[in-house]
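Each step along the sequence shown adds one to the number in UniProt numbering, with nothing skipped, and position 325 is 325.
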Amino acid sequence: MRVAIMGAGLSGLACAITLEQHGIEPVIYEKRSRIGDRFVNGEVLLSMFTRPVNDSIAYLSEQFGIFLQPAAGISKMTIYSKHKKAVLKGQLGFTNVRGREKNSFEAQLGRQVKSKIHYHSEKTYEELLAEYTHVVLATGDSDYAKKTRNFREDLTVSIKGATVEGSFDPYEVMTWLDYEIAPFGYGYLIPFSEKEANLVIAFPDLSEIEIDIEHSWDRLYQKAQAELQQGLSVTDRFQITGYPMGLCHTGRVGNTFYVGNCFGAMMPFMGFGQHASLMTGIYAAHDLCGLGHYEELTKPIRQSYENSIILRRAMERLSNETLDTIIQHLDSSWGEKLITNPKLDPLKMASYLLRPYIKLTQ
Ligand SMILES: Cc1cc2nc3c(=O)[nH]c(=O)nc-3n(C[C@H](O)[C@H](O)[C@H](O)COP(=O)(O)OP(=O)(O)OC[C@H]3O[C@@H](n4cnc5c(N)ncnc54)[C@H](O)[C@@H]3O)c2cc1C
1 MRVAIMGAGL SGLACAITLE QHGIEPVIYE KRSRIGDRFV NGEVLLSMFT RPVNDSIAYL
61 SEQFGIFLQP AAGISKMTIY SKHKKAVLKG QLGFTNVRGR EKNSFEAQLG RQVKSKIHYH
121 SEKTYEELLA EYTHVVLATG DSDYAKKTRN FREDLTVSIK GATVEGSFDP YEVMTWLDYE
181 IAPFGYGYLI PFSEKEANLV IAFPDLSEIE IDIEHSWDRL YQKAQAELQQ GLSVTDRFQI
241 TGYPMGLCHT GRVGNTFYVG NCFGAMMPFM GFGQHASLMT GIYAAHDLCG LGHYEELTKP
301 IRQSYENSII LRRAMERLSN ETLDTIIQHL DSSWGEKLIT NPKLDPLKMA SYLLRPYIKL
361 TQ
């Protein structure tokens, strides 16, 4: 068996580590000059969105021998709507760094891989398919899945973010749900140290709304400075437009596996995709090693995507007034229990309750 992995990101590297654990040495093709050679950003692994897995980091090491060091554990999350705020406390998950940093998740995974990595790769999927018995598509986008008509795109998203310098509590993340700033989307601040954080705005591209992303980000920047009562200096910026979210129809087509964002690991509700990306990489390797069937193993990931799209569509029907009411209710011991109780799956519960009211166009 000769396996090629296209893309040395989260899913591709998790796949490679798992294959190696079972005696298969894949060959990895990465288009960039090294692992993680892109903008630095802070991301989160939130327990409430990975349930029944409550602690992604422990799960990956104990069950799959994949070791990741987060930037910090999240013990506080403040969610702001236009006029209200909810403060949630407990073991909520982890923050981590991505991109061009020594301890970014992809850099940490890269240090656990022994297989050959070809950088600056210009190999196409078709060329790899001709050379290898199996190809794992892990390019972090849906391009090939779309090209082969194996992708259902549900929406695209625009994202603008910056690294800001200031003084932060590394154990606290902040979120803004204010549609005057980010229509039907959200803003967030994720610290990746005591001195640096990512301030990001993200919203769906809806044809009926024209949004000046520059202006939206500036408004979030003003809000964040006011809440934190300090000036923040901007050191690095990034912007992504038309970032697709969707799901492939079939995770395995012949001897090709679609993993990570190629599979459709991004949850359309709030854009979380790290846990599912790592898991799809591991599951593709398990199928290749005869330890299970990819389609079967990925069923829960598919289901959580479908639950998440219900929440996304529900979010697109809310107003700032309803958001104020929701946030006010969340700011209670009931709200905290819903988010922190490891036995509850808020995504599943909310989608179950909302499903009858949300008509999905596919
Ligand atoms: C701004 C932003 C913030 C996010 N925040 C969060 C968050 O807080 N929590 C969360 O869970 N998720 C978050 N996500 C989603 C998460 O980052 C992705 O779901 C995850 O990184 C996808 O992993 P992947 O393996 O599919 O792709 P990646 O990790 O992006 O890896 C893809 C790799 O493939 C390489 N590649 C691309 N094309 C080719 C090619 N033709 N040939 C060879 N190599 C190629 C790339 O260079 C890259 O190294 C965020 C995403 C963005 C954009």
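Even glycine gets a Cβ: it sits at the ideal position worked out from N, Cα and C. Values in this document were obtained by computation on a predicted structure and should not be read as measured data.
In chain order, F39 and G161 place their CB closer than 6 Å to the CB of F238, counting only its own chain and leaving out the 5 sequence neighbours on each side.
Cα atoms of G231 and K82: separation of roughly 21 Å, rounded to the nearest angstrom. Beta-bridge partners of V259 (DSSP): none assigned.
With a cutoff of 8 Å on beta-carbon distance, I309 and P268 are scored as near each other. Taking the Cβ atoms as the reference, V200 lies roughly 15 Å from M77, outside the contact range of under 8 Å. Under the DSSP assignment, E336 falls in the alpha helix (DSSP H) whose first and last residues are S333 to T340.
Residue state for I35 is assigned as coil, using DSSP reduced to three classes. Judged by their CB atoms, R111 and D345 are not nearer to each other than the 8 Å cut-off. Here the distance from the Cβ of C262 to the nearest heavy atom of ligand 1 is below 7 Å. The beta carbon of A138 sits closer than 7 Å to the beta carbons of I5, M6, G7, G9, S11, G12, C15, V259, G260, C262 and G281 from its chain, once the five residues preceding and following it are set aside; these are given in chain order. At a threshold of 7 Å, F151 does not count as near ligand 1, since its beta carbon sits no closer than that to any of the ligand's heavy atoms.
Per DSSP, the beta bridge partners of H118 are Y29. Taking one beta carbon from each stretch, the region 248 to 259 and the region 213 to 232 have fewer than 3 pairs nearer than 8 Å; the two do not touch. Beta-bridge analysis with DSSP links P244 to T156. Taking 8 Å as the cut-off, the Cβ atoms of I339 and K85 do not count as close. Among the bridge pairs identified by DSSP, N96 is matched with E43. If you ignore the 5 residues before and after L177, its C-beta comes within less than 6 Å of the C-beta of S81, Y186 and L323, all in its own chain and listed in chain order. Per the coordinates, the alpha-carbon of L68 lies some 20 Å from the alpha-carbon of A197. The straight-line gap separating the alpha-carbon atoms of L128 and H118 is approximately 12 Å. Counting of Cβ neighbours within 10 angstroms places T241 among the exposed residues, the total staying below 16. In this structure I301 is buried. Its beta-carbon is surrounded by 16 or more other beta-carbon atoms within 10 angstroms.
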